[in-house]
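Line by line, the protein sequences give chains F and B. Residues in the first sequence are numbered from 1 upward in steps of one, following full-length UniProt numbering. Residues in the second sequence are numbered from 1 upward in steps of one, following full-length UniProt numbering.
Number of protein chains: 2
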Amino acid sequence: MALDDTLRKKLIASVEHGFAEQIAYTQDLIRLQSVRGDEFIIQDRVFNELRNRGYAMERFDMDRGAIERHPGGSPFSDDHSRAPIVVGTHRPRDEAGRSLILQAHVDVVPPGPESLWTHPPFEPVIEGDWLYGRGGADMKAGHAANLYALDALRRIGLQPAATVYIQSVVEEESTGNGALMTHLRGYKADAVLIPEPEDEKLVRANVGVVWFQVEVRGLPVHVREMGTGANAIDAAYRIIGELRILEAEWNARKAGRPNFENEEHPINLNVGKIEGGDWESSVPAWCRIGCRVSIYPGVSAKEAAAEIEQRIAKFAREDSFLSNIPPLVTFHGFHTEGYELPPGSEAEKVLADAHLGATGKKLESFMTAGYLDTRVYALYDKIPALCYGPYSQNIHGFDERVSIASLKRITTAMTLFIVEWCGVELATPE
Amino acid sequence: MALDDTLRKKLIASVEHGFAEQIAYTQDLIRLQSVRGDEFIIQDRVFNELRNRGYAMERFDMDRGAIERHPGGSPFSDDHSRAPIVVGTHRPRDEAGRSLILQAHVDVVPPGPESLWTHPPFEPVIEGDWLYGRGGADMKAGHAANLYALDALRRIGLQPAATVYIQSVVEEESTGNGALMTHLRGYKADAVLIPEPEDEKLVRANVGVVWFQVEVRGLPVHVREMGTGANAIDAAYRIIGELRILEAEWNARKAGRPNFENEEHPINLNVGKIEGGDWESSVPAWCRIGCRVSIYPGVSAKEAAAEIEQRIAKFAREDSFLSNIPPLVTFHGFHTEGYELPPGSEAEKVLADAHLGATGKKLESFMTAGYLDTRVYALYDKIPALCYGPYSQNIHGFDERVSIASLKRITTAMTLFIVEWCGVELATPE
Numbered sequence: 001m002a003l004d005d006t007l008r009k010k011l012i013a014s015v016e017h018g019f020a021e022q023i024a025y026t027q028d029l030i031r032l033q034s035v036r037g038d039e040f041i042i043q044d045r046v047f048n049e050l051r052n053r054g055y056a057m058e059r060f061d062m063d064r065g066a067i068e069r070h071p072g073g074s075p076f077s078d079d080h081s082r083a084p085i086v087v088g089t090h091r092p093r094d095e096a097g098r099s100l101i102l103q104a105h106v107d108v109v110p111p112g113p114e115s116l117w118t119h120p121p122f123e124p125v126i127e128g129d130w131l132y133g134r135g136g137a138d139m140k141a142g143h144a145a146n147l148y149a150l151d152a153l154r155r156i157g158l159q160p161a162a163t164v165y166i167q168s169v170v171e172e173e174s175t176g177n178g179a180l181m182t183h184l185r186g187y188k189a190d191a192v193l194i195p196e197p198e199d200e201k202l203v204r205a206n207v208g209v210v211w212f213q214v215e216v217r218g219l220p221v222h223v224r225e226m227g228t229g230a231n232a233i234d235a236a237y238r239i240i241g242e243l244r245i246l247e248a249e250w251n252a253r254k255a256g257r258p259n260f261e262n263e264e265h266p267i268n269l270n271v272g273k274i275e276g277g278d279w280e281s282s283v284p285a286w287c288r289i290g291c292r293v294s295i296y297p298g299v300s301a302k303e304a305a306a307e308i309e310q311r312i313a314k315f316a317r318e319d320s321f322l323s324n325i326p327p328l329v330t331f332h333g334f335h336t337e338g339y340e341l342p343p344g345s346e347a348e349k350v351l352a353d354a355h356l357g358a359t360g361k362k363l364e365s366f367m368t369a370g371y372l373d374t375r376v377y378a379l380y381d382k383i384p385a386l387c388y389g390p391y392s393q394n395i396h397g398f399d400e401r402v403s404i405a406s407l408k409r410i411t412t413a414m415t416l417f418i419v420e421w422c423g424v425e426l427a428t429p430e
Numbered sequence: 001m002a003l004d005d006t007l008r009k010k011l012i013a014s015v016e017h018g019f020a021e022q023i024a025y026t027q028d029l030i031r032l033q034s035v036r037g038d039e040f041i042i043q044d045r046v047f048n049e050l051r052n053r054g055y056a057m058e059r060f061d062m063d064r065g066a067i068e069r070h071p072g073g074s075p076f077s078d079d080h081s082r083a084p085i086v087v088g089t090h091r092p093r094d095e096a097g098r099s100l101i102l103q104a105h106v107d108v109v110p111p112g113p114e115s116l117w118t119h120p121p122f123e124p125v126i127e128g129d130w131l132y133g134r135g136g137a138d139m140k141a142g143h144a145a146n147l148y149a150l151d152a153l154r155r156i157g158l159q160p161a162a163t164v165y166i167q168s169v170v171e172e173e174s175t176g177n178g179a180l181m182t183h184l185r186g187y188k189a190d191a192v193l194i195p196e197p198e199d200e201k202l203v204r205a206n207v208g209v210v211w212f213q214v215e216v217r218g219l220p221v222h223v224r225e226m227g228t229g230a231n232a233i234d235a236a237y238r239i240i241g242e243l244r245i246l247e248a249e250w251n252a253r254k255a256g257r258p259n260f261e262n263e264e265h266p267i268n269l270n271v272g273k274i275e276g277g278d279w280e281s282s283v284p285a286w287c288r289i290g291c292r293v294s295i296y297p298g299v300s301a302k303e304a305a306a307e308i309e310q311r312i313a314k315f316a317r318e319d320s321f322l323s324n325i326p327p328l329v330t331f332h333g334f335h336t337e338g339y340e341l342p343p344g345s346e347a348e349k350v351l352a353d354a355h356l357g358a359t360g361k362k363l364e365s366f367m368t369a370g371y372l373d374t375r376v377y378a379l380y381d382k383i384p385a386l387c388y389g390p391y392s393q394n395i396h397g398f399d400e401r402v403s404i405a406s407l408k409r410i411t412t413a414m415t416l417f418i419v420e421w422c423g424v425e426l427a428t429p430e
């Protein structure tokens, strides 16, 4: 069902009308530095923004026991965020349409050395079409778009004719436990839309992600006796070498997986952190590496973790140094399975129409090689889980930026999608 | 001139007599945790111990300008110790003999993870013949021996018939600037003895040491775009590989160096520290390695540093990632030249006699592949610089320990050496 052309034009104009305010709000969100564990203030801001618009509010903590018992839960560590999850609920007068979850995360990855940024990472500078800032693209732009897509309806006196949950979560960059917690809390709808920065495409398939740490310990000696000591940094690099072999094997397993076999390198192993040794003149006695690896949909994190553990244990047994004190492998973050969005759902069709209406282009879909919260809804709610959002550059990198023109198109498409998916009724007078 | 046998026996008995107190004092020194920068309290204790014995005291700071202008000075960094240097001076009534410097350092290397120690690193536990503890062997045992060798004379009513400077320095484990500062201050004598843990041997030759840091910076990206980003941890490892080639070349240059050509691997490059990356799911944007390499006597630190810089620069130019942002090489610690002790000096002969008198064995000499403060006296004072001390195990490692029996033999040998080198006179009444 194509949208009435008059209504479509009114909606486009309404998004346009609120867009300056939407950008200003997105900039506010960027200013609220919200690296892992520091999302308290931004969640308060989000809570107030939603409450001021009249949504029914709930705010709740992670249930560690429930998360760790669930197959999609990731292990907790000392770094795990304690910030709350915030959900605002729109309830229609008449539950006539299809319900919807609009989800976004507020946590951002660390900015890294500030000197490598053109502008300070948490200053939301605009240059040309780009809005810069850590977490701007990933995903405060999308976070604000959830709110402003609904605002666009209100501005012209309308509201969704179905329940809409607006969910603001944490831990998307490290465990995925925030999204899982909304599921465990009982939130459920007929579809979910998460506006991650996906270059105006729909995610068709998505890998699972496993984080693990390998700690090597050895026998340090004075460097004058280097031959008799064991260098833990060198040993850690030997383990990295073995993990690269495992990565190649996992990539070779792409054969027969339609969403992956045409990708050159669908499985990425990233050694993201390393730390070792205490003193230049002491042979290093310890070294820790923090790794992240992706897994195909259908492979459980448990299976992948077991294979990683066994491979490192086998390698260590055959290594003259590592066999003395076997390396310690711990799983301290993402422990999640990937998903695939089966083509042909009604939700996808509605989004494709909305995308065409907003951009004039056909909606493309693709495979992404990073974790996405959509997996919770796809795997455990078994509902159409749509991940679709604006153009961006350098997410997780320096000078992360989101395209402002793209953000407007996406917000428009989201508005059209909501209208078509949920239906509309006259807005409740405030 | 062999020592009078009656006096020799009295001296041996006197060392024995004071030995329990000497061990207790050594244990006190171990308890005073004195890693780099934290040597204030231990230097106060040393000051008081020397002053209480009636030595003329001086306490002074590093003269950064003078050190950095001197060819044997190492660069200062933020980690450089600000603790004072302490010197106690014995002045005889009659300056009849040869003057002597007895030197020792109080700084110790970091203990590393405490869980890898059998006993806590700063608890001076005795088990059998071993006294355990970080810095016990290297070199609080020798530090105490300097004092107790002189005490052994006093106990029988004697004192050296020449000036003796008892010097307590810092920065031996990181720059060698403490010893250099005593030289710059003007302290000078006819010989120096430093009782480092040298397994009851005399150091014949000693390498120079250069510390350097290599910092790699890259362009981090989300791990989903790993191919387009550059992994700084991998790049650091490529640099380590190139440095290993340089190390092999330097080892090959041992040919024609009598004190080195029979050593299998005289030049050691140690990658002692590594740190890189901020987040498991971000391709690491930076990585720093802290290295230590040894150089042959006669090679200046400046020449070595230039060769390291040029080699890394050349390697980086040919590396597709590193050529974008060349790695930064900085020299932040040891920048010191090695030395050789020419055989045949009178000081060596006196020490050999003393060693024979204390141990019944011929004094052996050897090359050590680690930095020694003796280089200051050998290179810049051009005096016989004797480095000779007790048996030890695992210095710079876990469960560092010094042999108590060996320490007694060494203290005795030092006492006999002082008597023979300086001559003796009746002790000044207190």
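Heads up, the beta-carbon is just placed ideally off N, CA and C, and yes, glycines get one too. This structure is a prediction, so every number in the text was calculated from the model and none was measured.
The beta carbon of residue 74 of chain B sits closer than 7 Å to the beta carbons of 175, 176, 177, 333, 334, 335 and 336 from its chain, once the five residues preceding and following it are set aside; these are given in chain order.
265, 268, 270, 271, 272, 273, 274, 275 and 276: these are the residues of the region 250-276 of chain F whose beta carbon lies less than 7 Å from some beta carbon of chain B, given in chain order. Interface flag for residue 281 of chain F against chain B is set, since a Cβ pair is found closer than 7 Å. Of the residues F:420, F:427 and F:429, the one whose Cα lies closest to the Cα of residue 4 of chain F is F:420. Just measuring C-alpha positions, the residue of B:104, B:212, B:167 and B:414 sitting nearest residue 353 of chain B is B:414. At a beta-carbon threshold of 8 Å, the residues of chain B lying near residue 285 of chain F are 112, 113, 116, 397 and 398, ordered along the chain. Counting only runs of 3 or more residues that sit fully inside the region 247-298 of chain B, the beta strand (DSSP E) segments are 269-276 and 286-295, in chain order. The beta carbon of residue 109 of chain B falls within 7 Å of a beta carbon belonging to chain F, placing the residue at that interface.
Chain order gives the chain F residues near residue 333 of chain B as 280, where near means a beta carbon separation below 8 Å. Cβ-Cβ separation between residue 422 of chain B and residue 100 of chain B: approximately 6 Å, consistent with a contact (criterion under 8 Å). The C-alpha of residue 231 of chain F is placed about 14 Å away from the C-alpha of residue 112 of chain B.
Three or more Cβ pairs closer than 8 Å define a contact, and the region 268-284 of chain B meets that threshold against the region 282-289 of chain F. Apart from the 5 residues on each side of it in sequence, residue 345 of chain F sits with its Cβ closer than 7 Å to the Cβ of 384 in its chain, given in chain order.
Put simply, the backbone Cα of residue 264 of chain F is about 26 Å away from that of residue 402 of chain F. Unbroken beta strand (DSSP E) stretches of 3 residues or longer found wholly inside the region 151-230 of chain B: 158-160, 164-169, 192-194, 202-206 and 208-217, given in chain order. In terms of Cβ geometry, residue 34 of chain F and residue 107 of chain F form a close pair [threshold 7 Å]. When 8 Å is used as the limit between beta carbons, residue 173 of chain F is near these residues of chain B: 279 and 281, in chain order.
The beta carbon of residue 133 of chain F does not come within 7 Å of any beta carbon belonging to chain B, so the residue lies off that interface. Within chain B, the residues whose beta carbon sits less than 7 Å from that of residue 237 of chain F are 237, listed in sequence order.
Annotated three-state conformation of residue 391 of chain B is coil, per DSSP.
Non-local beta-carbon contacts of residue 331 of chain B in its own chain, meaning distances under 6 Å to residues more than five positions away in sequence, involve 75, 212 and 305 in chain order.
Cα atoms of residue 379 of chain F and residue 166 of chain F: separation of roughly 20 Å, rounded to the nearest angstrom. Going by DSSP, residue 31 of chain F is part of the alpha helix (DSSP H) stretching over 5-31.
Not a single CB atom of chain B sits nearer than 7 Å to the CB of residue 142 of chain F. Closer than 7 Å at the C-beta level to chain B, one finds no residue of the region 184-205 of chain F. Secondary structure note for residue 67 of chain F: its alpha helix (DSSP H) is the uninterrupted segment 64-69.
DSSP links residue 414 of chain B through a beta bridge to no other residue. Between residue 327 of chain F and the set F:240, F:116, F:297 and F:355, the nearest pair of CA atoms involves F:240. The region 301-319 of chain F and the region 183-201 of chain F do not touch, with fewer than three beta-carbon pairs separated by less than 8 Å.
Residue 161 of chain F and residue 90 of chain F have their C-alpha atoms some 9 Å from each other. A distance below 7 Å separates the beta carbons of residue 311 of chain F and residue 246 of chain F. Annotation: the continuous beta strand (DSSP E) that includes residue 88 of chain F extends over 85-90.
Burial state of residue 429 of chain F is exposed, judged by a 10 Å Cβ sphere holding fewer than 16 other Cβ atoms.
Listed along chain F are 277, 279 and 280, each with a C-beta nearer than 9 Å to that of residue 290 of chain B.
Around the C-beta of residue 298 of chain F, fewer than 16 other C-beta atoms lie within 10 Å, and the residue is accordingly described as exposed. Contact annotation: residue 210 of chain F and residue 301 of chain F have beta-carbon atoms nearer than 7 Å.
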